[in-house]
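Report on the following structure.
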Amino acid sequence: MVVKSLHLSNFRNYASQELQLPPGLVAFTGDNGQGKTNLLEAVCVLATTKSPLVERDRELIRWDEKSARLGAEIELPPPPNREADVRRLEYSWRVEGQKVEREMKVGGVPQSAVASWLGQLQVISFFPHDLVLVTGEPEERRRFLNLELGKIWPAYFSDIARYRRALQQRNAFIKATYDNPNRRETEEKYGSLGELNRALVSYGSRVLAARSRFFAEIAPLLTETHQRLSGLEGPFEVEYLPGLSAWRRGDESDWSRLFLQSLERDHSDDFRRSSTQSGPHRDEFAFKLGGVDLRRYGSQGQGRLAVLSLKIALAHWVRDTLGDDPILLLDDALSELDSTRRELLLEEAKSFAQSVVTATDATFLGEVAAHFRVSEGKVEPVLTTA
Ligand SMILES: Nc1ncnc2c1ncn2[C@@H]1O[C@H](COP(=O)(O)OP(=O)(O)O)[C@@H](O)[C@H]1O
Ligand SMILES: [Mg+2]
Numbered sequence: 000m001v002v003k004s005l006h007l008s009n010f011r012n013y014a015s016q017e018l019q020l021p022p023g024l025v026a027f028t029g030d031n032g033q034g035k036t037n038l039l040e041a042v043c044v045l046a047t048t049k050s051p052l053v054e055r056d057r058e059l060i061r062w063d064e065k066s067a068r069l070g071a072e073i074e075l076p077p078p079p080n081r082e083a084d085v086r087r088l089e090y091s092w093r094v095e096g097q098k099v100e101r102e103m104k105v106g107g108v109p110q111s112a113v114a115s116w117l118g119q120l121q122v123i124s125f126f127p128h129d130l131v132l133v134t135g136e137p138e139e140r141r142r143f144l145n146l147e148l149g150k151i152w153p154a155y156f157s158d159i160a161r162y163r164r165a166l167q168q169r170n171a172f173i174k175a176t177y178d179n180p181n182r183r184e185t186e187e188k189y190g191s192l193g194e195l196n197r198a199l200v201s202y203g204s205r206v207l208a209a210r211s212r213f214f215a216e217i218a219p220l221l222t223e224t225h226q227r228l229s230g231l232e233g234p235f236e237v238e239y240l241p242g243l244s245a246w247r248r249g250d251e252s253d254w255s256r257l258f259l260q261s262l263e264r265d266h267s268d269d270f271r272r273s274s275t276q277s278g279p280h281r282d283e284f285a286f287k288l289g290g291v292d293l294r295r296y297g298s299q300g301q302g303r304l305a306v307l308s309l310k311i312a313l314a315h316w317v318r319d320t321l322g323d324d325p326i327l328l329l330d331d332a333l334s335e336l337d338s339t340r341r342e343l344l345l346e347e348a349k350s351f352a353q354s355v356v357t358a359t360d361a362t363f364l365g366e367v368a369a370h371f372r373v374s375e376g377k378v379e380p381v382l383t384t385a
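Residue numbers (numbering that gives the first Met the number 0): 0 to 385.
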């Protein structure tokens, strides 16, 4: 897909901005603090209603304003013998006190569920902040999985929500038995532990299966992408580490059984610690270069290349899965790469229907489809000779 036009109103340091974008490689350049990152963040917020950079919706609204609005026209590839389909998306939100009111519209028609909104605009983004995927806590990596898989598989999105509820219920049961040894009263309130386990395993095993399938499918893409970008033979891998106590590599056939066995094995541990030790809420994955865990032993440059490889491999996976190119957004991805890798990365970016890059400097960009200059929350086209 391709974003044909973009509209920002009261988003971060943008008061009101309209943009027409061509397919191909689009570049935004400008000094620090002018609004390049904000622009890419806006595209992500439009795609998912959430910022990949901050939790709070309020921070995204221009200072002294109460609401913000983002809009885009998306062009989808034409079905056989038909014209390309153009879709108009609008997302606006208003913050009052603790309350956030959201409104999502596709072609002017209000949408009620985030799940159905998520597929409309497919974006894969890289921000320098994404280095936390390598260096940060497991929580960061699970958030990445939930967002990226939820965007592609709507069923995954709802399985995660149901799993969270089932986990809360089970943990509440465990805590309640601790506070009140009268098991019958607790069971009246929460149901039996057997029932709670069945619900947990039913949703949790689907989450485990989806993640495991994702890592299996993306593995070859990751190795190839990393090889192309780094010029190194690797091997580079991202290793899935399910949060189950009863699991061994090569044992992935039946996630329900493995999860149930883990719960049984952890039984006394769970009650002693008042929480559930096994399950996809404890999942992890590790970046490995030549078998070495980059979280512990990697340099910053290796980490950066690992995350870039993951994001670009992900974009290839989305293309293969949906049969349509996602939009690739690369924020400040070029600055810390040497010139060879910069060129390789730009080649990768050009292999997608549309990609957007930001840089402080235009010198390394080479030929682009469009070049814009960003200054104090305003965007102006730069005339190119290309
Ligand atoms: N909610 C907001 N309202 C107004 N300005 C904001 C808001 N959030 C951030 N900014 C401003 O946006 C600018 C940073 O923009 P950014 O996109 O990160 O710049 P860069 O071009 O370096 O990527 C800063 O000047 C910051 O003060
Ligand atoms: Mg920036």
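Note that beta-carbon positions come from the ideal geometry of N, C-alpha and C, so glycine has one too. On a predicted model such as this, the values are computed, not experimentally measured, just so you know.
Cα separation between Ser350 and Lys65? Residue numbering aside, residue 350 sits at position 351 when the sequence shown is read from its first letter. Residue numbering aside, residue 65 sits at position 66 when the sequence shown is read from its first letter. One alpha carbon belongs to Ser350, the other to Lys65, and they sit about 40 Å apart.
Going along the chain, which residues of its own chain have a beta-carbon closer than 6 Å to the beta-carbon of Lys188, five neighbours each way excluded? The count along the sequence shown starts at 1 and reaches residue 188 at position 189. Within the same chain, no residue comes within 6 Å of Lys188 by CB-CB distance, once the 5 residues on both sides are set aside.
Report the partner residues of Tyr189 according to the DSSP bridge assignment. Sequence index remark: in the sequence shown, residue 189 carries index 190 (1-based). For Tyr189, which the question treats as bridged, DSSP gives no partner whatsoever.
Would you kindly work out how many angstroms separate the C-alpha atoms of Glu283 and Val291, rounded to a whole number? Mapped onto the sequence shown, residue 283 falls at position 284. Mapped onto the sequence shown, residue 291 falls at position 292. Their Cα atoms are separated by approximately 16 Å.
Suppose you measure from the CA of Asp324 to the CA of Arg81; what does that come to, to the nearest Å? Working through the sequence shown from its first residue, we reach residue 324 at position 325. Working through the sequence shown from its first residue, we reach residue 81 at position 82. Looking at the two C-alpha atoms, the distance is approximately 18 Å.
So, does the segment 17-35 touch the segment 363-383, judging by three or more C-beta pairs under 8 Å? yes
Heavy atom of ligand 1 within 7 Å of Trp62 beta-carbon: Stepping through the sequence shown from its first residue, residue 62 is reached at position 63. At least one heavy atom of ligand 1 is nearer than 7 Å to the Cβ of Trp62, so yes.
When you measure from the CB of Thr36 to every non-hydrogen atom of ligand 2, does any distance come out below 7 Å? Within the sequence shown, residue 36 is the residue found at index 37, counting from 1. Under cutoff, so the answer is yes.
Would you tell me roughly how many angstroms separate the C-alpha atoms of Ala285 and Trp316, rounded to the nearest one? Walking along the sequence shown from the start, residue 285 turns up at place 286. Walking along the sequence shown from the start, residue 316 turns up at place 317. Computed Cα separation, rounded: 19 Å.
Report yes if the C-beta of Asp129 is less than 7 Å from at least one heavy atom of ligand 2; otherwise report no. Residue numbering aside, residue 129 sits at position 130 when the sequence shown is read from its first letter. Every heavy atom of ligand 2 is 7 Å or more from the Cβ of Asp129, so no.
Using 7 Å as the cut-off, classify the Cβ of Glu58 as near or not near the heavy atoms of ligand 1, replying yes or no. If you number the sequence shown from 1, residue 58 lands on position 59. Indeed, a heavy atom of ligand 1 lies less than 7 Å from the Cβ.
Compare the beta carbon distance of Ala348 and Val133 with 8 Å and say whether it is the shorter of the two. Position 349 of the sequence shown, counted from the start, is the residue given in the question as residue 348. Position 134 of the sequence shown, counted from the start, is the residue given in the question as residue 133. It is not a contact, given that the beta carbons lie outside the stated cut-off.
Along the chain, which unbroken stretches of the alpha helix (DSSP H) at least 4 residues long are found entirely within the segment 199-284? Correct list: 254-272.
Over the uninterrupted alpha helix (DSSP H) stretch that includes Asp319, give me the two end residues. To locate residue 319, count along the sequence shown from 1; it is residue 320. Note, Asp319: alpha helix (DSSP H), Gln299 to Leu321.
Looking only at its chain, what residues have a beta carbon closer than 6 Å to the beta carbon of Gly34, apart from the 5 residues adjacent to it on each side? Residue mapping note: residue 34 aligns to position 35 of the sequence shown, counting from 1. Here the set comprises Asn12, Val373 and Gly376.
Do the CB positions of Ile326 and Val122 come within less than 8 Å of each other? Within the sequence shown, the letter at position 327 stands for residue 326. Within the sequence shown, the letter at position 123 stands for residue 122. Yes; because the gap between Cβ atoms is below 8 Å, this pair is in contact.
Measuring CB to CB, does Ala46 end up less than 8 Å from Asn9? Reading the sequence shown from its first residue, position 47 is the one you call residue 46. Reading the sequence shown from its first residue, position 10 is the one you call residue 9. Result no, Cβ atoms of Ala46 and Asn9 do not sit closer than 8 Å.
Gln301 to Ser229 span [Cα, whole Å]: Locating residue 301 in the sequence shown gives position 302, where the first residue counts as 1. Locating residue 229 in the sequence shown gives position 230, where the first residue counts as 1. Between Gln301 and Ser229, the C-alpha separation is close to 9 Å.
Closest by CA to Asp319, which one among Ile217, Arg169, Tyr296 and Arg264? Reading the sequence shown from its first residue, position 320 is the one you call residue 319. Of Ile217, Arg169, Tyr296 and Arg264, the residue nearest in Cα terms is Ile217.
Cβ-heavy atom distance, Asp360 to ligand 2, below 7 Å: Position 361 of the sequence shown holds residue 360. It does not: the Cβ of Asp360 is nowhere closer than 7 Å to a heavy atom of ligand 2.
Run of the alpha helix (DSSP H) containing Arg169, from where it starts to where it stops: As a first step, residue 169 is located in the sequence shown; it is residue number 170 there, counting from the start. Where Arg169 is concerned, the enclosing alpha helix (DSSP H) stretches over Pro153 to Asp178.
Kindly give me the distance between the Cβ atoms of Pro22 and Val1, rounded to whole angstroms, as I take these residues to be in contact under 8 Å. The residue labelled residue 22 in the question sits at position 23 within the sequence shown. The residue labelled residue 1 in the question sits at position 2 within the sequence shown. Their Cβ separation, rounded to whole angstroms, is 5 Å, which keeps Pro22 and Val1 in contact under 8 Å.
Just to confirm, are Phe172 and Leu192 a CB contact at a threshold of 8 Å? The residue you call residue 172 lines up with position 173 of the sequence shown. The residue you call residue 192 lines up with position 193 of the sequence shown. Yes, the pair counts as a contact, with Cβ atoms nearer than the cut-off.
State the start and end residues of the unbroken beta strand (DSSP E) segment that holds Arg405. In the structure as shown, the chain starts at 0 and stops at 385, and residue 405 therefore has no counterpart that could be examined.
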